[in-house]
Amino acid sequence: MTTLTEDDVIEQLDAQLDLLSFMTTANEMLLLGIRRFLPSLFVNNDEEIVEYAVKPLLAQSGPLDDINVALRLIYALGKMDKWLYADITHFSQFSQFLNEQREVPDFADDITWDFISNVNSITRNATLFNALKSMKFADFAAWSEVRFTGMVKTAMTLAVTTILKELDP
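In structure tokens, the structure reads:
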């Protein structure tokens, strides 16, 4: 199973030019993190159990290949904090929403602001969130969409790296 380093995550997310591709890439990374975390729930390094029970569950099109199903299982087993469960669910739902839109919003749009305002790993970082908030609601002359977009993208990237660190078995 592929393991992404923090640098890989940052580079891949930074390379995404629009919100939809960013969220798609972020969700793929979060699913990889969940898939890497799941075996630690079931076994104590028993190779036979991993090979014959866990791998089929995690196989592509297996029951735990769906991020929402896997996430609910981890949360139900008490192996994940509520804020982490909420953040990953929020990423998944926002990505689904974007996939259903004819016109995809931008990083600086209000719907994206609503999304990041509800991501715990962003709002808990008071310095970052307050900087975003002051820029979002600043006088238009002082506000630069390009700068704000960069800050939003950075905040979302930091959220993904924070979540992935929490999923490290």
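Yeah, the sequence shown ends on 259 if you go by this note's numbering, and it's all consecutive. For each residue, glycine too, the CB sits at the ideal point set by N, CA and C.
Just tell me which of the options has its CA closest to the CA of residue i.
{"i": "residue 127", "options": "104, 94, 108", "result": "94"}
{"i": "residue 164", "options": "116, 151, 129", "result": "129"}
{"i": "residue 103", "options": "248, 131, 192, 210", "result": "248"}
{"i": "residue 183", "options": "251, 117, 174", "result": "117"}
{"i": "residue 238", "options": "153, 186, 219", "result": "219"}
{"i": "residue 157", "options": "123, 134, 170, 97", "result": "123"}
Quick check on the burial criterion: 16 or more other C-beta atoms within 10 angstroms. Buried or exposed for residue i?
{"i": "residue 188", "result": "buried"}
{"i": "residue 208", "result": "exposed"}
{"i": "residue 160", "result": "buried"}
{"i": "residue 168", "result": "exposed"}
{"i": "residue 260", "result": "A query on residue 260 cannot be resolved here, the shown segment of the chain reaching from 91 to 259 and no further."}
{"i": "residue 202", "result": "buried"}
{"i": "residue 217", "result": "exposed"}
{"i": "residue 174", "result": "buried"}
{"i": "residue 91", "result": "Any reading at residue 91 must be qualified, since the residue scores a pLDDT of 49, below 50, and its modelled position is unreliable; no value is offered."}
{"i": "residue 107", "result": "exposed"}
If you check the beta carbons only, do residue i and residue j fall under 7 Å apart?
{"i": "residue 222", "j": "residue 246", "result": "no"}
{"i": "residue 197", "j": "residue 257", "result": "no"}
{"i": "residue 282", "j": "residue 211", "result": "The requested residue 282 is not part of the displayed model; the chain covers only 91 to 259."}
{"i": "residue 147", "j": "residue 125", "result": "no"}
Can you give me the C-alpha to C-alpha distance between residue i and residue j, rounded to a whole angstrom?
{"i": "residue 120", "j": "residue 234", "result": "30 Å"}
{"i": "residue 206", "j": "residue 177", "result": "10 Å"}
{"i": "residue 143", "j": "residue 151", "result": "15 Å"}
{"i": "residue 114", "j": "residue 185", "result": "6 Å"}
{"i": "residue 180", "j": "residue 145", "result": "27 Å"}
{"i": "residue 213", "j": "residue 138", "result": "42 Å"}
{"i": "residue 155", "j": "residue 228", "result": "43 Å"}
Please tell me whether residue i has its Cβ less than 7 Å away from any Cβ of chain D.
{"i": "residue 190", "result": "Protein chains in the displayed structure number just one, and chain D is not present."}
| field | Secondary structure, alpha helix (DSSP H): runs of 4+ residues fully inside the stretch 118-173 | value | 129-132, 145-148, 157-166
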